[in-house]
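Beneath this line is the structure, given in structure tokens, with notes to follow.
In the numbering used here, the protein residues as written are 19 to 295.
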């Protein structure tokens, strides 16, 4: 018989005494009992086979390895349940949109970073211990979420230099909580959709070094929270929309190596916060 460790969760000492948390603890306890029962069955079967074949007894190291494996799985499952209970869930519409975008682009994050198919606002997407930088290739592709109570929203998304080919899926513009978006150094084609106006929370936007076409949509002028806009070598053309006069919070704009026409708009002189052009 394997000695089973004594587990005393002391629920009263844990933060979050909601009904949801109690349910999760109950689920964890059931899973624990089932796992240890299975471990004992495996151990007994192993002992019988060992005695039958070699007339000996199983080594402690083998049983120890089995025990460690099951305890590890129990701990991992419990951690996932607790993290989800504390940080909330992502709206299904955002989950669906993110999955659609990544599927169309043929990309996915490493499995250990965050769970795109189930709950994307998990792992590194909500972790506070990692060094997240929207302009870094670490955790790429990657997202960051803002969680408040039981609800999480995707606020940052980066897909940098991953050789993505094709247009920007329309579903991307439905992620209306985005405040930072980096799609630089890919092979994105086609025009920018006027639906970009949906991203009214956008503050940091990089579309540079792509193969887009057509004019910059005038609707982009509705992103009045925008402070950084990089679209150099992006492939856009035409005149700079007059609606850009409303972008009074801009601090950095890079738009070189495009096929712009017409004169430089005078309203650029009114971008009083601009420090890099």
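The C-beta atom is built at its ideal place from N, Cα and C for all residues, glycine as well.
Worksheet item: Which of the three DSSP states, helix, strand or coil, is assigned to residue 188?
Response: helix
Discussion item. Can you look up residue 119 in the DSSP assignment and give me helix, strand or coil?
Written reply: helix
Worksheet item: Taking the Cβ atom as the reference point for each residue, do residue 252 and residue 228 lie within a distance shorter than 8 Å?
Response: yes
Worksheet item: From which residue to which residue does the beta strand (DSSP E) around residue 271 run?
Response: Note, residue 271: beta strand (DSSP E), 270 to 272.
Worksheet entry | Burial state of residue 198, where buried means 16 or more other Cβ atoms lie within 10 Å | buried
Worksheet item: Whole beta strand (DSSP E) runs in the region 153 to 217 with 3 or more residues, listed along the chain?
Response: Along the length of the region 153 to 217, whole beta strand (DSSP E) runs at least 3 residues long occupy 160 to 166, 169 to 176, 198 to 200, 205 to 208, reported in chain order.
Worksheet item: So, using beta-carbon positions, are residue 177 and residue 125 closer together than 8 Å?
Response: yes
Item to complete: From the DSSP output, in three-state form, read off residue 293 for me.
Response: coil
Worksheet item: Just the Cα atoms here: how many angstroms apart are residue 173 and residue 221?
Response: 10 Å
Fill in: Closest residue to residue 208 among 254, 286, 121 (Cα-Cα distance)
Taking only the C-alpha atoms, the option nearest residue 208 is 254.
Worksheet entry | Buried or exposed (CB count within 10 angstroms, at least 16 for buried), residue 146 | exposed
Worksheet item: Which value, in whole angstroms, describes the spacing of the CA atoms of residue 275 and residue 106?
Response: 44 Å
Discussion item. Let me make sure I understand the geometry here. Which of 283, 272, 213 has the alpha-carbon closest to that of residue 293?
Written reply: When each option's Cα is compared against that of residue 293, the closest is 272.
Discussion item. At a cut-off of 7 Å, would you count residue 110 as near the ligand GDP, judging by its Cβ distance to the nearest heavy atom?
Written reply: This structure does not include the ligand GDP; it has no bound ligands of any sort.
Worksheet item: Can you tell me whether DSSP reads residue 113 as helix, strand or coil?
Response: Three-state DSSP puts residue 113 in a helix.
Worksheet item: Which same chain residues, not among the five before or five after residue 183, have their C-beta less than 6 Å away from its C-beta?
Response: 205
Practice prompt. With a cut-off of 8 Å on the beta carbons, I'd call residue 215 and residue 237 a contact; round off their distance for me.
Written response: The pair is a contact, with the Cβ atoms about 4 Å apart (cut-off 8 Å).
Discussion item. Helix, strand or coil, according to DSSP, for residue 233 in the structure here?
Written reply: strand
Practice prompt. Pull up the distance between the alpha-carbon of residue 278 and that of residue 232, whole angstroms please.
Written response: Using only the alpha carbons, I get a separation of about 10 Å.
Item to complete: Flag residue 158 as yes if its beta-carbon sits less than 8 Å from any beta-carbon of chain D, otherwise no.
Response: Reference to chain D is not applicable here, since this structure consists of a single protein chain.
Worksheet item: Opposite residue 277 in the DSSP bridges: which residues?
Response: Paired residue(s): 255.
Fill in: Secondary structure of residue 244, DSSP reduced to three states
coil
Worksheet item: In whole angstroms, what separates the C-alpha of residue 189 from that of residue 213?
Response: 10 Å
Worksheet item: Candidates 240, 142, 180, 168: which alpha carbon is nearest residue 200's?
Response: Of the listed residues, the one whose Cα sits closest to residue 200 is 180.
Worksheet item: Taking buried to mean at least 16 other C-beta atoms within 10 Å of its own C-beta, is residue 40 buried or exposed?
Response: Unreliable placement is indicated for residue 40, whose pLDDT of 35 sits below 50; no coordinate value is reported for it.
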